[in-house]
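Visitor: So for the sequence shown, numbering that gives the first Met the number 0 puts the first residue at 0; every next one is plus one. Just so it is clear, CB atoms sit at the ideal spot from N, CA and C, and this is done for glycine as well. Here's a structure for you.
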Amino acid sequence: MAIFQAFRCIHPATGLEAEIAALPYDVYSREEAVEALQGHARSFLRIDRAETQFPASVGTYDPCVYEKARELLWSMVEAGEFVEDKEEAYYLYELTMEGRSQTGIVGCASVDDYLSGVIKKHENTRAEKEQDRICHVNTCGAQTGPIFLAYREEEHIQQVVRQVKETPPVFSFVSEDGVGHRGWKIHGEDQIEALSKAFSGLENLYIADGHHRAASAVRVGQMRREQHPDFTGEEPFNFFLAVAFPHTELKILDYNRVVRDLNGLEASEFLCKVQEHFSVEPLEERQGPGEKGQFTMFLEERWYLLRAKADILSQDPVGGLDVSLLQEHLLGPILGIADPRTDRRIDFIGGIRGLSELERRVHQDMKVAFAMYPTSIEELFAVADAGLLMPPKSTWFEPKLRSGLFIHRIGPGEP
0 MAIFQAFRCI HPATGLEAEI AALPYDVYSR EEAVEALQGH ARSFLRIDRA ETQFPASVGT
60 YDPCVYEKAR ELLWSMVEAG EFVEDKEEAY YLYELTMEGR SQTGIVGCAS VDDYLSGVIK
120 KHENTRAEKE QDRICHVNTC GAQTGPIFLA YREEEHIQQV VRQVKETPPV FSFVSEDGVG
180 HRGWKIHGED QIEALSKAFS GLENLYIADG HHRAASAVRV GQMRREQHPD FTGEEPFNFF
240 LAVAFPHTEL KILDYNRVVR DLNGLEASEF LCKVQEHFSV EPLEERQGPG EKGQFTMFLE
300 ERWYLLRAKA DILSQDPVGG LDVSLLQEHL LGPILGIADP RTDRRIDFIG GIRGLSELER
360 RVHQDMKVAF AMYPTSIEEL FAVADAGLLM PPKSTWFEPK LRSGLFIHRI GPGEP
């Protein structure tokens, strides 16, 4: 059964939430992060991407970068720009985008639940990306970016959520991208007990987004355990910051593909090969796929509708995913993209950028683009429940959780 508990939150001082909150560190390149910080002196991105405080000659992963992150974080606490709660609490975090809202519980998940598989994942992680956040969490002595968890909707949790949302929020603002953010503090003993009990009745929690942040937080917890062999299991480093959402409120967007060349083929040869496993129909205008098993493709200034033929469809949780069908029957055998995680000829574009971004990339530096039908949350659960992993870049969640609104102190690292 899942452990998801209240914690002593560090959060922005009242009125500073909009100034401090920032998109996750990994949605920016270094250059984009520097640009995003212009005119935003309190943005948490300074802490998440502290290399922005140095000239380009200083490496992104230089030890001084993580020391700067720690300095910035705790100087803001000392200055009163962040406030630490004196009691343990949960928070509600509501995000509203284009008229659709999702409300999650902010709390701390268990390192042991991650290690035992109670918290299920659907993606592999890369060691070098883990190491960056390991250094960040360990040096700062705090988890600063929440992991995005999902759970199968549970009525007892929703009852508490409805009750709390009848009270005034502790913060409310709209970020520059038009997303609304509201938060409520849950510190009544009865409500805390009700939520803790309801979560303990869940068989599993699922990582929706933030696999690298989760793996890094867990590794830091293991490191602290090694440093403190007399640990009791109750220390803050045994838990990691997360926001848990009911699956019924989540929306996954498409995660699209662009490829640099046709692997030595002429366009006509390529289209002929594609028709071995997909029907191909020219379209009169730009459009995305309308259902599972469909793809739209932009090639030579024209859009095409591709439908997977019956002989390649599969009931396998991974093999039946649209991203798998495209990879196994087109990108791999025809375009020579053997490993999409490492091949520099392929790039991935989140659906939030729209189909026009696919056209722009083809005009700029790519040859062909593929628009995907979004993976569903039920497909994500099925893959995770089977103990399998999705292909890379299978899901794109929107809206993104902001960093800096909720921070979990785990204590200083070893000198």
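For D253, which residues in the same chain have their Cβ closer than 6 Å to its Cβ, ignoring the five residues on either side in sequence?
Guide: As a first step, residue 253 must be located in the sequence shown, where it is residue number 254. Excluding sequence neighbours, D253 sits near G350, M371 and P373.
Visitor: Look at the Cβ atom of A266, then the Cβ atom of L298, and state whether they are nearer than 9 Å.
Guide: The count along the sequence shown starts at 1 and reaches residue 266 at position 267. The count along the sequence shown starts at 1 and reaches residue 298 at position 299. Closer than 9 Å, so yes.
Visitor: Could you check what DSSP says for E413 in three-state terms: helix, strand or coil?
Guide: One-based indexing of the sequence shown puts residue 413 at position 414. At E413 the pLDDT is 41, less than 50, meaning the model places this residue with poor confidence; the figure from the coordinates comes in the next sentence. Three-state result, E413: coil.
Visitor: Tell me the start and end of each unbroken beta strand (DSSP E) in the stretch 324–359 that is at least 3 residues and wholly inside, in chain order.
Guide: The stretch 324–359 contains these whole beta strand (DSSP E) runs: 345–349.
Visitor: Mark I406 as exposed unless 16 or more other C-beta atoms lie within 10 angstroms of its C-beta, in which case mark it buried.
Guide: Along the sequence shown, read from residue 1 onward, the residue named residue 406 stands at position 407. Result: buried.
Visitor: Within the stretch 26–82, note down every full beta strand (DSSP E) run reaching 3 residues or more, in order along the chain.
Guide: Runs of the beta strand (DSSP E) inside the stretch 26–82: none found.
Visitor: Check the DSSP bridge columns for I9 and list the partner residues they point to.
Guide: Translated into positions along the sequence shown, residue 9 becomes position 10. Its beta-bridge partners are E83 and I406.
Visitor: Skipping 5 residues on each side, what residues in its chain have a beta carbon closer than 6 Å to that of L334?
Guide: Sequence index remark: in the sequence shown, residue 334 carries index 335 (1-based). Contacts found: V258 and N262.
Visitor: I need the DSSP call for Q274, collapsed to helix, strand or coil.
Guide: Within the sequence shown, numbered from 1, the residue matching residue 274 stands at position 275. Coil.
Visitor: What's the gap between the Cα of Y60 and the Cα of E50?
Guide: For the purposes of this step, residue 60 is identified with residue 61 of the sequence shown, where counting begins at 1. For the purposes of this step, residue 50 is identified with residue 51 of the sequence shown, where counting begins at 1. Their backbone Cα atoms lie some 8 Å apart in a straight line.
Visitor: Quick one: grab the DSSP three-state call for V317.
Guide: The residue you call residue 317 lines up with position 318 of the sequence shown. Coil, per DSSP.
Visitor: Pick from H210, E202 and P54: whose alpha carbon is nearest that of M0?
Guide: Here the question's residue 0 lines up with position 1 in the sequence shown. Closest by alpha carbon: E202.
Visitor: DSSP state of G116, grouped into three classes?
Guide: To locate residue 116, count along the sequence shown from 1; it is residue 117. If DSSP states are grouped into helix, strand and coil, G116 belongs with coil.
Visitor: Go ahead and pull the three-state DSSP assignment for G103.
Guide: Against the sequence shown, residue 103 aligns to sequence position 104. Strand, per DSSP.
Visitor: Suppose the cutoff is 7 Å on Cβ atoms and the five residues either side in sequence are ignored; what does the same chain contact list for G331 look like?
Guide: Counting from 1 along the sequence shown, the entry for residue 331 is found at position 332. Only A337 meet the Cβ criterion.
Visitor: Mind reading off the beta-carbon distance from A368 to M296? Whole number of angstroms is fine, and I expect it under 8 Å.
Guide: Taking the first residue of the sequence shown as 1, we reach residue 368 at position 369. Taking the first residue of the sequence shown as 1, we reach residue 296 at position 297. Confirmed, about 7 Å.
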